[in-house]
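Chemist:
In this note's numbering, the protein residues as written are 7 to 573.
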């Protein structure tokens, strides 16, 4: 048999018990204070009432006249009984200056000495006291009856303490009723408030809430993915370290609106959307993010939970993988063509035409070598040269002629370390792919690539030391013979998701956005204009650090070195 350890009372239950006890103590204390206060007030009121009655009797002319009569009791006793009945006092005693009673509620006490203090009244003073007489404890007033300043009698009127207690008890009963109502109302209100608190805390106690907070903080700092929580007004309620890094925000942003974080417009729109977003790709200045949003609702919209994943490296690797796939397809096609040419050579030899076979093979080799020589002569930077050779083969397989313009010139080692090869592949590779897509199926189908360096303010020779007035920059220009870009879309073409082509697997509209991101990351500019022969012309300009200058070739045209040609 297993003993079940009772679970600690929930936080709401503990607060309810504490509040109920507090309300009960406050109400009981107030009731006791009020009872004591009312009892004292009742005694004061009784003293004032007795004093007023005794003064009224002492000032009455009929009382003064009766005192001077031969039998004061005969005239004063009925009068005292009537006054007792009319003024709601328990006794009225009229006596001579020595304190011998002329009247009393109990006729058997008439003629006997008054029980109480009368010395001050005998001296002409009126006073009140609490004294135990023949009727029990009472609050009484004693006042002299004066005749031309001479004390001729004494009057005492009083109310029994028992009657005073009854009055206080009646008030106490009403007070206890009010206190019970206040306690009940407070208990009901406390229960309602704590029931709501119980729903918010899910019935957990203080220790459990404290542990959950500790786990919550530890998880936020441990998770490498970005986590962002927004309230119902789309203000930042919580953001972890990963979220700050991925969004590029610094400082205390809790409480700030999403619109004030300085994020790209499309990313801000995704965070402000009321519907959930699943695995949406968004670009910041330096990263490619996968964004998921999920509204937090509990009968009403309470906020949004946003998760962010950095896929910058993954996206780059995917681009490289797509390039490798393209290279593989091009190699497969070239292998097929090489096999056909090899069969032709073998067949010519089998037919005894060895010289023709040698001429055919030599011509094919010279054509392939010429292709390589032309690209390398124009762009000897190894990464870009390899990229252009691969893209040339890909374009040829799709029926598009790729041309490296004669103005192109990039010597090996000219580009600084601050411009990594991966970014160059991203920029030029995506621009070429986009141009090949646009030119395919057109007549003519041609893509022209230009790659060279020039002075940033256009006056120095490519490859020379940067000009003193602004340094040098790398120019990558890709033109096509496609349909061109609508001027109305010139500002939208570089945004993620924009494309004039049907969406394929994985979507479209990311390539040019990645190009724009890479160019902006290096402080360059990216523009699109109409090409001279129709189609679109994309131009990226990237500022260079101080490169190792090389003097231009003597036969280079003014302003730029020329080499290369159609490929």
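Glycine included, each C-beta is placed from N, C-alpha and C at the ideal position.
Go ahead and pull the three-state DSSP assignment for residue 289.
Modeler: Of the three classes helix, strand and coil, the one that applies to residue 289 here is strand, per DSSP.
Chemist: Could you compute how far the alpha carbon of residue 562 sits from the alpha carbon of residue 231?
Modeler: Because residue 562 carries a pLDDT of 34, less than 50, the predicted location of this residue cannot be relied on, and the following value inherits that uncertainty. So the alpha carbons of these two residues sit roughly 53 Å apart.
Chemist: Which residue or residues does DSSP assign as beta-bridge partners of residue 106?
Modeler: Note: residue 106 sits in a beta bridge opposite 119.
Chemist: How many Å lie between residue 168 and residue 157 at the Cα?
Modeler: 32 Å
Chemist: Are the beta-carbon atoms belonging to residue 458 and residue 431 less than 8 Å from one another?
Modeler: Annotated as distal: residue 458 and residue 431, with beta-carbon spacing of 8 Å or more.
Chemist: Please report how far the alpha carbon of residue 26 lies from the alpha carbon of residue 283, in whole angstroms.
Modeler: Approximately 47 Å between the Cα atoms of the pair.
Chemist: Can you give the Cα-Cα distance for residue 104 and residue 132, rounded to whole angstroms?
Modeler: 16 Å
Chemist: Does the Cβ of residue 467 have 16 or more other Cβ atoms within 10 Å, making it buried, or fewer, making it exposed?
Modeler: The pLDDT assigned to residue 467 is 34, lower than 50, so where the model puts this residue is not dependable, and the model offers no usable value.
Chemist: Would you be able to state if there are at least three C-beta pairs under 8 Å between the segment 147-155 and the segment 25-43?
Modeler: Short answer: they don't touch.
Chemist: Would you mind working out which of 309, 524, 87 and 308 sits nearest residue 546, comparing C-alpha positions?
Modeler: Per the Cα distances, 524.
Chemist: Which of helix, strand or coil does DSSP assign to residue 217?
Modeler: helix
Chemist: Who are the Cβ neighbours of residue 4 in its own chain at under 7 Å, not counting the five residues just before and after it?
Modeler: For the chain, the structure presents residues 7 to 573; residue 4 sits outside this window and is missing.
Chemist: Closest to residue 263 by C-alpha separation, out of 253, 276, 242 and 138, would be which residue?
Modeler: 242
Chemist: Is it true that the CB of residue 288 sits closer than 8 Å to the CB of residue 297?
Modeler: yes
Chemist: Considering only residues of the same chain and omitting the five flanking positions on each side of residue 72, which have a CB-CB separation below 6 Å?
Modeler: Listed in chain order, the non-local C-beta contacts of residue 72 below 6 Å within the same chain comprise 78, 81 and 82, local neighbours out to five positions each way being set aside.
Chemist: Please work out which residues of its chain come closer than 7 Å, Cβ to Cβ, to residue 118, disregarding the five sequence neighbours upstream and downstream, and give them in chain order.
Modeler: 107
Chemist: For residue 487, name the three-state secondary structure that DSSP assigns.
Modeler: coil
Chemist: Kindly indicate which three-state DSSP category residue 78 falls into: helix, strand or coil?
Modeler: helix
Chemist: Measure how close the beta-carbons of residue 477 and residue 538 come, nearest whole angstrom, since I'm counting them as under 8 Å.
Modeler: At roughly 28 Å, the Cβ-Cβ gap does not stay under 8 Å, so residue 477 and residue 538 are not in contact.
Chemist: Can you name, in chain order, every residue of its own chain whose Cβ lies under 8 Å from the Cβ of residue 317, other than the five neighbours on each side?
Modeler: 287, 294, 295 and 296
Chemist: Specify whether the segment 119-130 and the segment 83-97 touch according to this definition: at least 3 beta carbon pairs, one from each stretch, less than 8 Å apart.
Modeler: These segments do not touch.
Chemist: Could you pull the start and end residues of the alpha helix (DSSP H) that residue 439 belongs to?
Modeler: 427-445
Chemist: Where residue 413 and residue 391 are concerned, what is the direct C-alpha to C-alpha distance, given to the nearest angstrom?
Modeler: 15 Å
Chemist: Just verifying my parser: in three-state terms, what is the DSSP assignment at residue 478?
Modeler: strand
Chemist: Please confirm whether residue 237 and residue 309 have their CB atoms less than 8 Å apart.
Modeler: yes
Chemist: Within the continuous beta strand (DSSP E) that includes residue 454, where are the two ends?
Modeler: 452-461
Chemist: Return the chain-ordered list of same chain residues with a C-beta closer than 7 Å to the C-beta of residue 159, the five sequence neighbours on each side being excluded.
Modeler: 73, 100, 101, 102, 103 and 151
Chemist: Take residue 87 as the anchor and find which of 76, 113 and 70 has the nearest alpha-carbon.
Modeler: 113
Chemist: If you draw a straight line from the alpha carbon of residue 23 to that of residue 192, how long is it in whole angstroms?
Modeler: 12 Å
Chemist: Do you know how far the Cα of residue 277 is from the Cα of residue 184?
Modeler: 55 Å
Chemist: Measuring CB atoms only, is the segment 52-68 touching the segment 197-217, in the sense that at least three cross pairs come out at less than 8 Å?
Modeler: Counting Cβ pairs under 8 Å, fewer than three are found: no touch.
Chemist: Give the range of the beta strand (DSSP E) segment to which residue 531 is assigned.
Modeler: 531-536
Chemist: On the DSSP letters alone, give me the boundaries of the alpha helix (DSSP H) that residue 251 sits inside.
Modeler: 247-253
Chemist: Assign residue 356 to one of three DSSP states: helix, strand, or coil.
Modeler: helix
Chemist: Counting only the same chain and skipping the five closest in sequence on each side, list residues whose C-beta sits under 7 Å from that of residue 487.
Modeler: Closer than 7 Å at Cβ, skipping near neighbours: 445, 448, 450, 451, 452, 539, 540 and 541.
Chemist: Which same chain residues end up closer than 7 Å to residue 75 when comparing Cβ atoms and leaving out the 5 residues on each side of it in sequence?
Modeler: 81
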